[in-house]
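Here is the structure we will look at, set down as structure tokens.
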Amino acid sequence: MIKPLRKRHLQLWLGLAFLLPASILAGWLAVPAPATDTLLQPATPAPLPLRLASHDSPAQTITLRASADTATLQLEWVTKSELAAPSALIYAGERLLGRIGPQGVYRFSFTPGGKDIHPSFTVYDIIHHKNIEKINF
Amino acid sequence: MGISYQAVGWNRQKRRYDGILLGFCIAYIGTFVGLSLLFNPEMTFETLLIRSTSTLALLLLHVILSIGPLCRLDKRFLPFLYNRRHLGVTMFTVAAVHGGFSIFQFHGLGNVNPLLSLFLSNTRYGSLSAFPFQALGFFALLIFLLMAVTSHDFWLHILSPRTWKTLHMAVYAAYLLIILHVVLGVIQYETNPVFIILLFAGASILVTLHLLAGFREVRKDNLHFPEAPKASPQFPDAPKASPQFPEAQKRLVQVCAVSDIAPDRAKVFCIDKERIAVFRTGDTLYAINNVCKHQNGPLGEGKVIDGCITCPWHGYQYLPRNGQSPPPFTEKVSTYDVKMVDGMVWLDPKPYPEGTERPGVPIKRQQIKQ
């Protein structure tokens, strides 16, 4: 190589000696923190002691439970086979209780309204925007 | 060296080298695919191809960029330099497969032009973690493409060695783009620290090698040599000025002892910003310009083969007595006057026109200090 090219090489690598580690460090610092598991709803609570009513089908078992003083009601949803909708919301009357999904046990506690001791429950498909099921005990 | 342009100047060494290179690439991709399927059997063909070619191209790029400084630090690496262009074109081909499949996989299956999609599907240019890193790889691939298509000697002659070398220094910009492409791409999604450690190690090795070699060259360029006394009784062999070269005797500098130069080899000296190679072949010393006309290779790091000074980079040859390539070749370099006084070598840094015949200086055995 001729001297000007040798000089340019050295100047370029002096620049890269700063830029390369700076780029790698900046990229490494920019790595987003690993996503933590954030549940869309709280962990399933323990079942309440009183069993007020139950409805069983091949797809699911739905039980209405209550605390000993009946001040708190609890809907227990046991999905036995895959739901037709991948994700659905469940309402007690107009009140959103939570989400039900794949096979498993879901329990939603709520305080009853003035007159709806046995409220009706609606399962709503949030993707297709339609009611899937209405349950009355 | 060749007198006519061919697509590739094949010879036995190049065939052997290319065979080994091809074998390595196939073995690497095979091993990568095998191990990936072993640990993740559900990986798709496209993903395997994209990942294996990306890592292979990055590995080859590091090898390519380390060859230059390694050769300046240790002559044993020179055979790699001889074949570096084949390595570069291979690296571009592997990188092009990676880029092509990535564009097809991520941008070619929609109803938007894939190149438009490449730049418009993600426009978060203000974010580091979500930066559209694929665009960086695309521009690096464009640079590699430009270098690959101009890699032949045809373009070297058209553009001149200096322009061609300057153009090919764009590989350093491409390397920086590739580092950013990786850091802002896969590193943002892979939590295993081994990837960033490997990347940092690779960049550190390259920076260290280039700076070591660069500063070593600066030291060589800055060496000072004692000037010769004028002709006097104490210095009876001082060169006499001639009508053709009246300034000769004013410029002599002492460079080394004859015994410092190995037979059929040279020592290189930088005087007045010009590198001059003093060769010892047979019983004669000759001095020629150190810069090969082909790619500015260091002639003084080559050796004399079949009576010709042979460039260590690509084998271009020059006759020691006149700096001319043997017929039918036409390359020529400058020649210089060299003298020997009491076992010491004296050099006149004033160049003769390229191809000028100089007699050299016979080595007197009794003057060689061991």
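These protein sequences, in sequence, are chains U and S. According to my numbering, the stretch in the first sequence is residues 2 to 138, in order. According to my numbering, the stretch in the second sequence is residues 6 to 375, in order. Where is the CB? At the ideal position from N, CA and C, for every residue including glycine.
Simplified DSSP state of residue 194(S), which is helix, strand or coil: helix
Interface residues of chain U facing residue 278(S) [CB-CB closer than 9 angstroms]: 4
Between which residues of its own chain and residue 364(S) is the CB-CB distance below 8 angstroms, once the five residues before and five after are set aside? 326
Give me whichever residues DSSP pairs with residue 46(S) in a beta bridge. According to DSSP, which records beta bridges pairwise, residue 46(S) is partnered with nothing at all.
When the Cβ atoms of the region 91-103 of chain S are set against those of the region 61-76 of chain S, are three or more pairs found closer than 8 angstroms? yes
Contact defined as beta carbons within less than 8 angstroms: I believe residue 257(S) pairs with residue 344(S). What is the distance between those atoms, to the nearest angstrom? 7 angstroms
Residues of the region 21-38 of chain U in Cβ contact with chain S at a cutoff of 9 angstroms, in chain order, please. 21, 22, 24, 25, 26, 27, 28, 29, 30, 31, 32, 33, 35
CA-to-CA distance, residue 185(S) to residue 124(S), given in whole angstroms: 16 angstroms
Is residue 84(S) near residue 301(S), with beta carbons less than 7 angstroms apart? no
Just verifying my parser: in three-state terms, what is the DSSP assignment at residue 123(U)? strand
Other residues of its chain near residue 134(S): CB distance less than 6 angstroms, five sequence neighbours each side excluded: 193
Reducing DSSP to helix, strand and coil, say where residue 2(U) ends up. coil
Extent of the continuous alpha helix (DSSP H) run through residue 171(S): 166-173
Keeping to the same chain, check which residues put their C-beta closer than 6 angstroms to that of residue 306(S); ignore five residues upstream and five downstream. 317
Cα-Cα separation, residue 163(S) to residue 176(S): 20 angstroms
Comparing alpha-carbon positions, which option in 9(U), 82(U), 79(U), 70(U) lies nearest residue 51(U)? 70(U)
Report all residues from its chain with a CB closer than 6 angstroms to the CB of residue 336(S); omit the five preceding and five following residues, and keep chain order. 298, 330
Is it buried or exposed for residue 138(S), if we count other Cβ within 10 angstroms and need 16 for buried? buried
Is there a C-beta anywhere in chain S that falls below 7 angstroms from the one on residue 52(U)? no
Do the CB positions of residue 348(S) and residue 340(S) come within less than 7 angstroms of each other? no
Assuming residue 86(S) is part of the alpha helix (DSSP H), what are its boundary residues? 83-87
Which one of 279(S), 278(S), 284(S), 269(S) has the shortest CA to CA distance from residue 261(S)? 284(S)
Would you list, in chain order, the members of the region 168-179 of chain S that have their beta-carbon closer than 8 angstroms to a beta-carbon of chain U? 170, 171, 174, 177
Give the interface partners of residue 14(U) over in chain B, defined as CB-CB distance under 7 angstroms, in chain order. Considering every chain present, this structure includes no chain B. Its protein chains are U and S.
Start-to-end residues for the alpha helix (DSSP H) that takes in residue 225(S): 199-226
Same chain, Cβ closer than 7 angstroms to residue 111(U), five either side skipped, listed in chain order: 74, 93, 96, 98
For residue 110(S), which three-state DSSP category applies? helix
For residue 165(S), decide whether its Cβ has a neighbour in chain U, counting only Cβ atoms nearer than 7 angstroms. no
Taking DSSP's pairing of strands, which residues face residue 275(S) in a bridge? 280(S)
At what residues does the alpha helix (DSSP H) containing residue 150(S) begin and finish? 138-154
Can you find a CB in chain U that lies within less than 7 angstroms of the CB of residue 274(S)? no
Which partner residues of residue 110(U) appear in the DSSP bridge assignment? 75(U)
Simplified DSSP assignment, three categories, for residue 56(U): strand
Start-to-end residues for the alpha helix (DSSP H) that takes in residue 333(S): No alpha helix (DSSP H) contains residue 333(S), which DSSP labels as neither H nor E.
Quick one: what's residue 80(U) bridged to in DSSP? 61(U), 105(U)
Note down the Cα distance separating residue 174(S) from residue 263(S), rounded to an integer number of angstroms. 37 angstroms
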